[in-house]
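Protein chains in written order, with the working numbering: chain A, 642 to 902; chain B, 7 to 814.
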Amino acid sequence: MSDPIPSSAMQRVLVAMDSPAALYLLPAAADLAAQFQAELLGLFVENTDLLRLSGLPFAEEVCSSSAVARPLTREIVECRLRALAEQLRRSLAETARQADVRWSFIIARGTVHRLLEESTRESDVLLLPQRIASSEVTRQEPPQFVPRSPIAVVYDGSTEAERALAIGGQAAERQGRAVLVVLTTDVSVETLRLALDRELPESRVEIRIASTRIANERELRQVILEQPCSLLLLPANTPLLKGSALARLVAEISPLVAIVR
Amino acid sequence: MNGPSSLGATQLRWRCDRSWLPFQSTEELPEMQEIVGQARAVAALKFGVEMRRDGYNLFVLGPPGIGKRTVVQGCLEESAATAAVPSDWCYVNNFDDPRRPSAISLPAGRGLQFRNDVRQLVDDLSTSIPAALERAEHQTRQKSIAEEASERQESAFKALAHEALEQKVQLIRTPGGFAFAPMHNDEVMSAEDFEKLPADERERVKKQIQGLQEKLRQLIETVPTWLKETRDKIRELDRGAVKLAIGHLFAQAREKHVDLPTVAAYFAAAEKDILERGDEFQPSEDGTPSPLAAAESRPSFEEYEVNLFVDNSQTKGAPIIMEDHPSYHNLLGRVEHESQLGALFTNFSLIKAGALHRANGGYLVLDAWRLLQQPFAWDALKRALAARSIKIESLAEVLSLVSTVSLEPEPIPLDAKVVLIGDRMLYYLLCAYDPDFVQQFKVAADFEDRMERSAESCLLFARFLGSLARRNKLRPFNQAAVARILEYGARVAEDAEHLSTHVQTMADLLVESDFWASKDSATVVDAPHVQRALDMQVERADRVRDRLYDEIRRGTILIDLTGSRIGQVNGLSVLDLGNFRFGQPSRITATTRLGRGEVIDIEREVKLGGPTHSKGVLILSSYLASRYAKERPLSLGATLAFEQSYGMIEGDSASMAELCAILSSLADVPLKQSLAITGSVNQFGQSQPIGGVNEKIEGFFDVCRAQQLTGEQGVIIPRTNVKHLMLRDDVVAAVEKGQFHVYAIDSVDDALGLLTGMPAGEADQHGHFPAGTLNHRIVTRLEELQRLRTRFGEFPVTQARIREASHE
Numbered sequence: 642m643s644d645p646i647p648s649s650a651m652q653r654v655l656v657a658m659d660s661p662a663a664l665y666l667l668p669a670a671a672d673l674a675a676q677f678q679a680e681l682l683g684l685f686v687e688n689t690d691l692l693r694l695s696g697l698p699f700a701e702e703v704c705s706s707s708a709v710a711r712p713l714t715r716e717i718v719e720c721r722l723r724a725l726a727e728q729l730r731r732s733l734a735e736t737a738r739q740a741d742v743r744w745s746f747i748i749a750r751g752t753v754h755r756l757l758e759e760s761t762r763e764s765d766v767l768l769l770p771q772r773i774a775s776s777e778v779t780r781q782e783p784p785q786f787v788p789r790s791p792i793a794v795v796y797d798g799s800t801e802a803e804r805a806l807a808i809g810g811q812a813a814e815r816q817g818r819a820v821l822v823v824l825t826t827d828v829s830v831e832t833l834r835l836a837l838d839r840e841l842p843e844s845r846v847e848i849r850i851a852s853t854r855i856a857n858e859r860e861l862r863q864v865i866l867e868q869p870c871s872l873l874l875l876p877a878n879t880p881l882l883k884g885s886a887l888a889r890l891v892a893e894i895s896p897l898v899a900i901v902r
Numbered sequence: 007m008n009g010p011s012s013l014g015a016t017q018l019r020w021r022c023d024r025s026w027l028p029f030q031s032t033e034e035l036p037e038m039q040e041i042v043g044q045a046r047a048v049a050a051l052k053f054g055v056e057m058r059r060d061g062y063n064l065f066v067l068g069p070p071g072i073g074k075r076t077v078v079q080g081c082l083e084e085s086a087a088t089a090a091v092p093s094d095w096c097y098v099n100n101f102d103d104p105r106r107p108s109a110i111s112l113p114a115g116r117g118l119q120f121r122n123d124v125r126q127l128v129d130d131l132s133t134s135i136p137a138a139l140e141r142a143e144h145q146t147r148q149k150s151i152a153e154e155a156s157e158r159q160e161s162a163f164k165a166l167a168h169e170a171l172e173q174k175v176q177l178i179r180t181p182g183g184f185a186f187a188p189m190h191n192d193e194v195m196s197a198e199d200f201e202k203l204p205a206d207e208r209e210r211v212k213k214q215i216q217g218l219q220e221k222l223r224q225l226i227e228t229v230p231t232w233l234k235e236t237r238d239k240i241r242e243l244d245r246g247a248v249k250l251a252i253g254h255l256f257a258q259a260r261e262k263h264v265d266l267p268t269v270a271a272y273f274a275a276a277e278k279d280i281l282e283r284g285d286e287f288q289p290s291e292d293g294t295p296s297p298l299a300a301a302e303s304r305p306s307f308e309e310y311e312v313n314l315f316v317d318n319s320q321t322k323g324a325p326i327i328m329e330d331h332p333s334y335h336n337l338l339g340r341v342e343h344e345s346q347l348g349a350l351f352t353n354f355s356l357i358k359a360g361a362l363h364r365a366n367g368g369y370l371v372l373d374a375w376r377l378l379q380q381p382f383a384w385d386a387l388k389r390a391l392a393a394r395s396i397k398i399e400s401l402a403e404v405l406s407l408v409s410t411v412s413l414e415p416e417p418i419p420l421d422a423k424v425v426l427i428g429d430r431m432l433y434y435l436l437c438a439y440d441p442d443f444v445q446q447f448k449v450a451a452d453f454e455d456r457m458e459r460s461a462e463s464c465l466l467f468a469r470f471l472g473s474l475a476r477r478n479k480l481r482p483f484n485q486a487a488v489a490r491i492l493e494y495g496a497r498v499a500e501d502a503e504h505l506s507t508h509v510q511t512m513a514d515l516l517v518e519s520d521f522w523a524s525k526d527s528a529t530v531v532d533a534p535h536v537q538r539a540l541d542m543q544v545e546r547a548d549r550v551r552d553r554l555y556d557e558i559r560r561g562t563i564l565i566d567l568t569g570s571r572i573g574q575v576n577g578l579s580v581l582d583l584g585n586f587r588f589g590q591p592s593r594i595t596a597t598t599r600l601g602r603g604e605v606i607d608i609e610r611e612v613k614l615g616g617p618t619h620s621k622g623v624l625i626l627s628s629y630l631a632s633r634y635a636k637e638r639p640l641s642l643g644a645t646l647a648f649e650q651s652y653g654m655i656e657g658d659s660a661s662m663a664e665l666c667a668i669l670s671s672l673a674d675v676p677l678k679q680s681l682a683i684t685g686s687v688n689q690f691g692q693s694q695p696i697g698g699v700n701e702k703i704e705g706f707f708d709v710c711r712a713q714q715l716t717g718e719q720g721v722i723i724p725r726t727n728v729k730h731l732m733l734r735d736d737v738v739a740a741v742e743k744g745q746f747h748v749y750a751i752d753s754v755d756d757a758l759g760l761l762t763g764m765p766a767g768e769a770d771q772h773g774h775f776p777a778g779t780l781n782h783r784i785v786t787r788l789e790e791l792q793r794l795r796t797r798f799g800e801f802p803v804t805q806a807r808i809r810e811a812s813h814e
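Pasting the structure below:
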């Protein structure tokens, strides 16, 4: 093993943001970062699709609150994105100050999915806002979390899944929660038991195993809807979340979704 | 007309005939509830109390301490005992307009029941409604409706996005909304690629996107409608749950008051309001009420409670309210406010009743002077009486000082009789200056401060004293004690033919006599105890008198009590110390000279003489001219002074003394200093009565006795004052022994005869006085002065005129 860092150690918690609606992620992300003494990293995505659209001569934006169509020029888009980025940066700084964690803020340009993939490679945990993949215009309030609900971990036997198990277990123990392990169809309970022995040898945290094994994103969504949890930890590179599956999952479930590398 | 005479001892004091008091002690006398000597006032009171017409409120007038309040209370209690108990009044929330709380009238005692029932109802509501709204089934249904709405919107947007994708157009989120972008190779088409398209293709794409934008716009416009539909559905769901939860509770409460339509109407309104606002009763997230609930539009269960404003459940008969502090708000009620985090809030539950509300259906007794001292209270009372309703308004609103939104409680009909108690002056002033007063207070109950003395009235008075003693738990008073008190009553009335009806004075004397009887361990109060009480009253208050008499004895204040002096006479005045009055001799001097008939009153010149005193001096000036100089100029100049007087002198009771002093000076005949004189004089020289005659005589007697009574000393008084004499025993005894005298006169001639020892002299048919008489000397002297004036009188004036002319 070339990785000297313990599997439960965490260097960075990344929060992906593209609108003020993503601000609800910040307190949870800051808590997580504070627990593991990790850095809180804010990633603001400037959508290249949007920038490209603004270059078209007929580009117009239909306002979601007034339904009025307005011209959308590159200058307008860039100006708004800058203002939005500044607003999110300030919020991140204030949240980090209150939680007493290190923080940094990155502005990146690209498509959302590509940037997420790249960011996941550089961070231990990535928290995703619901709106990134959603076209919903009416929901104004952040998702409701069930108090003292467990932290869910998808375990597929990968290295990332073992880290997710370690991080989830430690976080749950500190918060007095249980861990709900969602096994993929190709992993046995014995494998999980061995992984737990490795990652959480001394832990007294309660481990629950979801009764349903999952084979795809739809089944995972069903499990989470049936068994409310506050945080869902997903291993990076899991085949469950290929393509737009991740975006669909994040959009349709309540818990915070974090990707663990 | 009688000549001057020395009064006999029997004329100096009335002594109560014991045969008028046929009892050993007051224990034998029957109880007497009413106050003696106030038949007229009591009749007026009874009339006013029984007269149930507009404006027949009462003003009870009379001096303080005469027993007005006691009589009023007795009279009202008698009437109230048989009257019906008035209604209870409640204020409840007006759900249509909370700024105007509604008043509900209920039979006496039902208000309390109504309030308690509603309190129980509210208690039940406060648990039933949240429980109904928190039930799992209800919450699930609520979520289901919200999810349905959410899915509906999502589906609509997804459908639009899908439709766009089929046309190779992507729906993209922007910072402020949505936009449609044409696609090229699964990416948004760049501007360069777009420009490369043929013109007609570019136009097609544009139109395609315009069409999609129009659909998007319509979709976004539809969203608020969907949201409202969702809210309506949830609200309807909440109402259904609330209705199920409260229906039976209201039915139970309503059943208890089915005979009262106003209460039934209130229950109906409350139930309707709760159902309309059912969804607003969702408990807050943390389950605690907001500290600013009053400022928020969220309902509170307190809104449905009842403010039992007037509770007559314990009242027997009609209420009698005696308001000792009749301020505006104490009379008309007030709307109080609660401070919450520095802000002030109010509602119908903070409306407080005033005295008028509590007295509604009964009687309100107020002290007129205190009422008039309270700003705006008098006007407010008159307004309420005129309108026959009580409207609660804050003073700030009445005066338009503030215009903040506050409550305007529904006015309550007024049916109370107001009884004002005050002194006579106040009554006459109100009659003169306030037309509303006459309209609203048509009955005056005028209390007498004295009553006729007779055998019957004395016995009645004795019964009253006996009752007073019993009520105050005092020892019984024997016949002699009662007689002494009756005599004191005559002295207080300043009239031997009347008795004072001043209850407080009599009650005080009874209590103090009882005290001294207790010191003697007596079981019955006797005359000496009464006398001791009277003596001690004087002793406690006579420090100033002692000082003054002592200064006279020591010669600091110059009063001659022997010998004769020209132009000098002993006048008598009364000093009133509030609770004690005494007489004081004053030296009055007069000088005369050649003049033009003017009498200079030094007191008036230095503004130490009051108008009545000045009037007396002017009258005597007129008398001089009319009697002695009818047909020739009065060539006399005279100056009058109260020696060693440094304060205000008021009244005309010294005018007879002043006239005697002037005439003594004019006739050059000395006046006896052993005599003092009091009385006013009219333009015909007749002696007129004055006040304080007893104190004046006793004052001169005390001064004389301090320097030894000579048998020559005495006081001259107007004959018309003889009936007022109620002198002390020691004065009467001195007169009996010939050591002191009291003379009654009719005219100035009588006075001069006594003071000079010379006959005054009557004028014959030609107006000439006989030689050797005082008046003859006066006329002779005036003729001399006239001659002198004829010779010299005009000279100085002529010289002055010449000087003025030379200056011109």
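Glycine included, every Cβ here is placed at the ideal spot set by N, Cα and C.
All values derive from a computational prediction rather than experimental measurement.
For I491 of chain B, the enclosing alpha helix (DSSP H) has its first and last residue at Q485 to V498. Judged by DSSP secondary structure, I594 of chain B falls within the beta strand (DSSP E) whose first and last residues are R587 to L600. Less than 8 Å divides the Cβ of T618 of chain B from the Cβ of D658 of chain B. Against chain A, the beta carbon of T133 of chain B has no neighbour under 8 Å; the closest one sits roughly 24 Å away. Closer than 8 Å to the CB of E308 of chain B there is not a single CB belonging to chain A. Boundaries cannot be given for F101 of chain B, as no beta strand (DSSP E) includes it and DSSP labels it neither H nor E. Close to chain A, meaning a Cβ-Cβ distance shorter than 9 Å, are the following residues of the segment 168–182 of chain B: Q176, L177, I178, R179, T180, P181 and G182. The segment 99–119 of chain B makes contact with the segment 316–332 of chain B, as at least three CB pairs between them are under 8 Å.
Under DSSP, Y62 of chain B forms a beta bridge with B:F447. Excluding sequence positions up to five before and after A740 of chain A, its CB lies within less than 6 Å of the CB of A671 and A675, all in the same chain and listed in chain order.
The Cβ of R730 of chain A sits no closer than 8 Å to any Cβ of chain B. Excluding sequence positions up to five before and after R538 of chain B, its CB lies within less than 6 Å of the CB of W522, all in the same chain and listed in chain order. Interface with chain A (8 Å Cβ-Cβ cutoff): R223 of chain B is included.
V580 of chain B and A489 of chain B have their C-alpha atoms spaced approximately 27 Å apart.
Remark: C-beta atoms of L554 of chain B and A682 of chain B do not approach each other more closely than 8 Å. A Cβ-Cβ distance of about 11 Å is found for the pair V822 of chain A and V846 of chain A, leaving them out of contact under the 8 Å criterion. DSSP, read as helix, strand or coil, puts D373 of chain B in strand. Beta-bridge analysis with DSSP links S506 of chain B to B:R456.
Looking at the DSSP output, T645 of chain B shares a beta bridge with B:T597 and B:I606. Fully contained in the segment 67–136 of chain B are the following alpha helix (DSSP H) runs of length 4 or more, in chain order: 74–87. Sequence-ordered contacts of the segment 181–215 of chain B with chain A read P181, G182, G183, F184, A185, F186, A187, P188, E193, V194, M195, S196, A197, E198, F200, E201, R208, V211, K212 and I215 [C-beta pairs closer than 9 Å]. For a Cβ distance threshold of 8 Å, residue set A708 of chain A lies close to E227 of chain B, ordered along the chain. Q288 of chain B is outside the set of residues whose beta carbon lies under 8 Å from a beta carbon in chain A. Annotated three-state conformation of H190 of chain B is strand, per DSSP.
For the 8 Å CB-CB criterion, L377 of chain B and L362 of chain B do not form a contact. With a cutoff of 8 Å on beta-carbon distance, E719 of chain A and R711 of chain A are scored as not near each other. By alpha-carbon distance to L697 of chain A, the top candidate from B:A170, B:N366 and B:F186 is B:F186. Annotation for M662 of chain B: the continuous alpha helix (DSSP H) segment containing it runs S661 to A673. For F699 of chain A, the neighbours in chain B by C-beta distance under 7 Å run, in chain order, K212 and I215. At least one C-beta of chain A is nearer than 8 Å to the C-beta of Q219 of chain B. By the C-beta density criterion, L873 of chain A is buried, having at least 16 other C-beta atoms within 10 angstroms. Annotation: the continuous alpha helix (DSSP H) that includes Y634 of chain B extends over P617 to Y634.
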